[in-house]
Structure formats: C-alpha cells, structure tokens
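Q: Shown below is the structure under consideration.
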Amino acid sequence: MDKLRIIGGARLEGRIPIGGAKNSALPAMAASLLTEEELLLKNIPFVNDIYTTRRLLRELGVEVDFDAGQAVRLRAARLRSYEAPYDLVKTMRASVLVLGPLLARVKKARVSLPGGCAIGARPIDLHIKGLQKLGAEVRTEHAYVEAAAEKLRGAQIIFDKITVTGTENLMMAAVLAEGRTILENAAREPEVVDLAELLTAMGASIEGAGTPTIVIDGVSALHGASHAVIPDRVEAGTFLIAGAITGGNIELTACNTAHLTSVIEKLREAGAAIDTDQGRLRVKGGDALVSADVVTKEYPGFATDMQAQYMALMTQAAGIAVITEDIFENRFMHASELMRMGANIRIDGSRALVAGKTRLSGANVIASDLRASASLVLAGLAADGATIVDRIYHLDRGYEKIEEKLRSVGAQIERLK
Ligand code: EPU
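Note that the numbering used here has the sequence shown beginning at 1, numbered continuously upward.
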C-alpha cells in the first residue's frame with residue numbers, strides 16, 4: 001500500500017493547474033448509458049474513481065477509451081448487463097449513479113446497496129423514492145436495489161433533504177421519461193448544473209438547474225455530444241489551504257472562481273490574502289491566521305468536502321474555531337489524527353472546537369476517507385519533521401498526482417511504494 005512522506009515547513013510558491021471535477025466526471029460518464037451514440041468528455045481527472053467507473057461501465061457493455069489530454073470517449077451502443085455489482089459499489093458509492101440512466105435506457109437496473117462509509121450512514125432512500133414517483137417498481141433484496149419500469153412517467157418529486165447524486169440520478173431518469181418532471185428542493189451544486197448542461201447538449205430539455213426547482217421535459221431519445229467538465233472546486237480549495245497553511249504564495253490556474261466563493265470568503269476571514277482573476281486564484285498566507293467559525297452547508301454554502309482541510313488550517317490559526325458539520329453525521333475522523341500531531345481539538349456532536357495556534361509535529365497518520373487524507377497532507381506540510389500518511393488509496397480516488405503538484409510548488413513530499 002502506498003504512503004506519502006512529507007517533510008513540513010516549506011513555504012509553497014508557484015503555479016498549480018486545477019484538473020476537472022471528479023464529482024462532475026462521474027455522473028457525466030454515467031450519462032453515456034442514455035444514448036447509443038458517442039460521448040466525448042474532456043477535462044476528466046484521471047483518478048481512481050474514474051478508473052472504477054470505467055470498469056463498471058465496461059461491465060455494462062459501454063466502450064470506454066481514454067484519450068491523451070484528459071479526455072474519455074464512451075459509447076453505449078448495446079448494453080449487455082444492467083447490474084452494478086457489490087465489489088464495485090463497495091469501492092465507490094457513486095456507482096449508484098447508473099441506477100437512473102439504466103432504468104431510463106433499458107427499463108431495469110440492479111444495483112448493490114452501498115453501505116455506510118467513513119463519513120456516515122449515507123442511505124439512498126431518496127433516490128429510490130424519486131424513481132418510484134416516476135413509476136418504477138423498486139424492491140430491495142439480498143442488499144441489491146432492483147428497479148424496473150415498463151415506462152417512466154414524469155412526476156413532481158420533492159426531496160425531503162437535498163441530495164447531490166440523488167438529484168443527478170433523478171435528472172438522468174427523467175430526461176427519457178414521458179412528460180414533465182419537476183424536482184423540488186433539488187441540489188444546486190455546480191456539478192448538477194454541469195450534468196444538466198451535458199444532458200442538454202445530448203438533446204434533453206432541462207430548465208432551472210442551479211436553482212431548487214428543476215423542470216425536465218422528457219424526450220424520446222438522446223444523442224452523442226462533446227462536453228468539458230467543470231474544474232474541480234475541491235481540489236482548488238485544497239490547494240488554497242496549502243498556500244495559506246504554509247504562508248506561501250500560490251497561483252491556481254484553470255479554476256472556476258465563482259464556484260469557490262464561500263471558501264474564498266472564509267479563508268479571507270481567516271487572514272489569507274486571495275486575489276481572483278478570471279479562472280485564476282492567487283493565495284498568500286500571512287503569519288497571522290485567525291480562527292473563523294464555519295458551518296458546512298449545501299451549495300452555495302461552505303462544502304462539507306472542504307471541512308477536513310479547513311480543520312487542518314484552523315490548527316494554525318489563533319483563537320478557537322467552531323467547525324459545525326451539517327451534512328454528514330460522522331465526518332470528523334481526521335480530528336483524532338490531527339490531535340496525534342499536536343492539534344488541540346474537542347469534538348462535541350456535530351461540532352469540532354479547534355484551539356490554535358498549535359505546533360504540529362510530524363507523525364505516522366492514517367487516512368480514513370478522501371478529504372480526511374487531504375487534511376492530513378495539509379497538516380504534514382505545516383508540521384515539524386516527517387509525516388507519513390498511510391492508506392492513501394483514499395487520496396488517489398479523488399486527487400490526481402497531488403504529490404507532483406505539491407512538489408512543483410516546493411513541498412517536500414514523496415510517495416513511498
Ligand atoms: N441522504 C439521505 N438519503 C439519500 C441521499 C442522501 O438521507 O437518499 C443524506 C446523506 O446521508 C447526507 C445528505 O443527505 O447526510 C447529503 O448527501 P448527498 O446525497 O448530497 O451526498 P452524495 O450525493 O452521496 C455527493 C458527493 C460527496 C459530497 C456530497 C455532499 C459525489 C459523487 N459525491 O455525495 O463527495 O460530500 O455530495 O456535497 O458527487 C467527496 O468527493 O469526497 C464526496 C464525499
């Protein structure tokens with residue numbers, strides 16, 4: 001199992017290009033199931049979740065070819081299976097994104113129920129309820145969701161709770177349903193808007209993506225398209241914090257600054273200087289980071305996917321920061337590892353109280369999930385001595401070449417095989 005070894009203390013300086021958004025690329029690849037024609041997706045990050053999706057789609061019968069230059073071609077001319085098996089779903093929960101498109105295209109789907117994971121229980125009841133509203137018969141047996149529908153019919157679906165992949169799954173089911181579907185209390189994340197843009201390019205009729213109400217008028221067939229996925233806002237946010245936590249000066253290119261507003265505002269409040277300029281961001285970390293409370297929220301609020309990284313930053317800020325995790329019930333696994341490095345953190349239910357500034361000292365730490373891994377890497381950059389981050393397969397699921405990117409701006413970081 002690979003590990004990362006980081007020698008902390010270097011001030012990071014230079015430029016890092018931001019890749020495409022993993023959480024946009026995953027539903028975009030699943031959307032290939034909706035048409036017989038070819039999809040060309042660009043700006044795809046070559047991370048492990050993308051390779052898992054390739055495996056899953058190939059099992060279903062989709063031809064998937066990676067091109068040079070971060071592109072992937074997908075063609076689902078004829079499907080040979082409608083099942084997402086346990087061994088794939090357990091490595092990547094986003095495999096559930098094939099449920100909606102399979103149902104729309106071949107009228108049936110069999111998808112292993114994803115279990116809980118390191119950040120919470122993460123049920124998919126809202127995906128299922130929505131599909132039932134569209135007319136699907138859904139039953140759960142042997143820990144598989146089995147869905148079938150002679151015909152999907154448009155309906156009004158009011159989500160009890162905002163769900164990103166739930167909104168995406170329902171959108172992909174509704175594009176080929178008969179009549180109008182109205183999704184209320186839909187997720188407004190940029191990744192949802194990106195998927196709507198792709199589906200529209202494929203011939204779908206979708207209005208309102210990016211607002212709580214999405215209206216979809218079903219069409220009889222979709223066609224091929226070419227689409228570039230949006231920049232990864234979480235990768236960009238992670239590197240912003242890398243700049244801030246090392247007192248560095250980093251420029252990020254190829255980002256969408258509008259998607260990062262809440263993160264930028266929060267980091268400024270904490271004393272980092274950030275300039276934005278059409279797809280570019282520059283962060284300068286000062287010596288005087290100060291604590292700033294944060295509550296994770298659905299977009300446009302502060303993303304839960306940035307909470308762990310922000311906690312690492314707050315260990316280096318003067319004062320007490322209250323970090324409230326409002327989206328997932330168990331997303332503080334990184335806190336105990338940060339504490340082993342010297343951080344002063346108290347967990348109280350969904351709140352973490354981080355008292356800074358504390359000296360962090362390098363240690364052997366274990367990553368529990370993707371963003372927790374990123375948090376430990378950031379802490380390692382700020383710590384004295386060597387930090388070894390174990391179980392970085394989590395990191396490899398969502399960050400492309402993170403050690404190379406960090407090394408290019410002066411970090412002392414290497415992968416131990
Ligand atoms: N929820 C339900 N029932 C459902 C669906 C969701 O109760 O049927 C709850 C969840 O348990 C959670 C909340 O609703 O408490 C929000 O979950 P959501 O469904 O929005 O999460 P997701 O779609 O499974 C996506 C991202 C996550 C990100 C969350 C929240 C992808 C592939 N994954 O997950 O990304 O944290 O939205 O923004 O888009 C990551 O990239 O590290 C990551 C975990």
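Even for Gly, the Cβ is constructed at its ideal location relative to N, Cα and C.
Quick check on this structure: which residue in Val-111, Ile-6, Arg-11 and Pro-45 has the alpha carbon closest to the alpha carbon of Gly-20?
A: If we check each option's Cα against that of Gly-20, Pro-45 comes out closest.
Q: Within the present structure, is the beta-carbon of Glu-37 separated from the nearest heavy atom of the ligand EPU by less than 7 Å?
A: No, the ligand EPU has no heavy atom inside 7 Å of this Cβ.
Q: Could you check whether the stretch 356–374 touches the stretch 304–322, counting it as contact only if at least three pairs of C-beta atoms, one from each stretch, sit closer than 8 Å?
A: Result yes; three or more Cβ-Cβ pairs closer than 8 Å.
Q: Determine, using beta-carbon pairs with one atom in the stretch 213–225 and one in the stretch 171–179, whether at least three such pairs fall under 8 Å.
A: Contact holds: three or more Cβ-Cβ distances are below 8 Å.
Q: Checking 8 Å against the spacing of the C-beta atoms, do Arg-331 and Leu-370 come in under that value?
A: Cβ distance not < 8 Å, so Arg-331 and Leu-370 don't count as in contact.
Q: If Val-138 sits next to Val-111, beta carbons under 8 Å apart, how far is it from one beta carbon to the other, in whole angstroms?
A: Incorrect: roughly 10 Å between the Cβ atoms, too far for contact.
Q: Is the beta carbon of Leu-198 within less than 7 Å of some heavy atom of the ligand EPU?
A: Checking every heavy atom of the ligand EPU against the Cβ of Leu-198, none is found closer than 7 Å.
Q: Distance, Cα to Cα, Ser-226 vs Asp-232?
A: Between Ser-226 and Asp-232, the C-alpha separation is close to 19 Å.
Q: Check whether the Cβ atoms of Leu-313 and Ala-270 lie closer than 8 Å to each other.
A: Cβ atoms of Leu-313 and Ala-270: closer than 8 Å.
Q: Go ahead and label Glu-298 buried or exposed: buried means 16 or more other beta carbons lie within 10 angstroms of its beta carbon, across all protein chains shown.
A: Buried, because 16 or more other Cβ atoms sit within 10 Å of the Cβ of Glu-298.
Q: Residues in its own chain within less than 6 Å of Ile-7 by CB, not counting five upstream and five downstream?
A: Closer than 6 Å at the Cβ level, and outside the excluded window around Ile-7, lie Ala-386 and Gln-412.
Q: Got a sec? Which residues, its chain only, sit under 6 Å from Ala-343 by beta carbon, not counting five neighbours each side?
A: The answer, listed in chain order, is Thr-315 and Thr-358.
Q: Which residues bound the beta strand (DSSP E) around Ser-112?
A: Taken as a continuous stretch (DSSP letters only), the beta strand (DSSP E) holding Ser-112 covers 108–112.
Q: State the CB to CB distance for the pair Ala-176 and Gly-203, rounded to an integer number of angstroms; the pair is presumed to be in contact (CB under 8 Å).
A: First, the amino acid is wrong: residue 176 is Leu here, not Ala. With 8 Å as the limit, Leu-176 and Gly-203 do not qualify as a contact, their Cβ atoms being about 10 Å apart.
Q: Rounded to a whole number of angstroms, what is the C-alpha to C-alpha distance between Ala-186 and Asp-194?
A: When rounded, the distance between both Cα atoms is 14 Å.
Q: Would you say the beta carbon of His-334 comes nearer than 7 Å to a heavy atom of the ligand EPU?
A: Flag unset: Cβ of His-334 not near the ligand EPU.
Q: Going by DSSP, what residue range makes up the alpha helix (DSSP H) through Tyr-393?
A: Tyr-393 -> alpha helix (DSSP H) spans 393–398.
Q: Using the C-alpha atoms, what's the distance from Ser-262 back to Gly-301?
A: Taking the straight line from one Cα to the other gives about 6 Å.
Q: Thr-304 and Glu-337: beta carbons closer than 8 Å?
A: No, the Cβ-Cβ distance between Thr-304 and Glu-337 is not below 8 Å.
Q: With DSSP as the reference, please indicate the residues paired to Glu-197 in a beta bridge.
A: Per DSSP, none; premise fails for Glu-197.
Q: Which complete beta strand (DSSP E) runs does the stretch 350–406 hold, if anything under 3 residues is left out?
A: Entirely contained in the stretch 350–406, the beta strand (DSSP E) runs reaching 3 residues are, in chain order, 351–356, 364–366 and 386–390.
Q: Rounded to the nearest angstrom, how far is the Cβ of Leu-113 from that of Ala-136, given a contact under 8 Å?
A: Wrong, their Cβ atoms sit about 16 Å apart, outside the cutoff.
Q: Spatial neighbours of Ala-118 within its chain, please: CB distance less than 6 Å, with the 5 preceding and 5 following residues excluded, ordered by chain position.
A: Answer for Ala-118: Met-333, Ser-368 and Asp-369, listed in chain order.
Q: Could you say which of Leu-57, Ser-81 and Arg-78 lies nearest to Val-72 if we only look at CA atoms?
A: Out of Leu-57, Ser-81 and Arg-78, Leu-57 has the C-alpha closest to the C-alpha of Val-72.
Q: So Ala-94 packs on Leu-26, CB below 8 Å; how close in whole Å?
A: So it is a contact: roughly 5 Å between Cβ atoms.
Q: Using CA coordinates, which residue listed in Gly-349, Leu-134 and His-142 is at the minimum distance from Pro-85?
A: It is His-142.
Q: With a threshold of 6 Å on Cβ separation, who are the neighbours of Thr-238 within its own chain once the five nearest residues in sequence on each side are excluded?
A: These residues qualify, in order along the chain: Gln-309 and Ala-374.
Q: Going by the CB atoms, is the gap between Arg-346 and Val-322 shorter than 8 Å?
A: Against a cut-off of 8 Å, the Cβ pair of Arg-346 and Val-322 comes out as no contact.
Q: For a test of the three-state rule: what should DSSP assign to Asn-169, helix, strand or coil?
A: If DSSP states are grouped into helix, strand and coil, Asn-169 belongs with the helices.
Q: Quick one: grab the DSSP three-state call for Gly-14.
A: In the structure shown, Gly-14 sits in a strand (DSSP, three-state: E or B).
Q: Round the Cβ separation of Tyr-399 and Val-47 to the nearest angstrom and send it over; I've been treating them as touching at under 8 Å.
A: Right, their Cβ atoms sit about 7 Å apart.
Q: For Ile-402 versus Ala-236, is the C-beta spacing smaller than 8 Å?
A: No, Cβ-Cβ distance for Ile-402 and Ala-236 is not below 8 Å.
Q: When DSSP labels each residue in this structure, what does Asp-87 get in the three-state scheme?
A: The answer is helix: DSSP assigns Asp-87 an H, G or I state.
Q: Could you give the first and the last residue of the continuous beta strand (DSSP E) run that contains Leu-34?
A: No beta strand (DSSP E) holds Leu-34; DSSP gives it neither H nor E.
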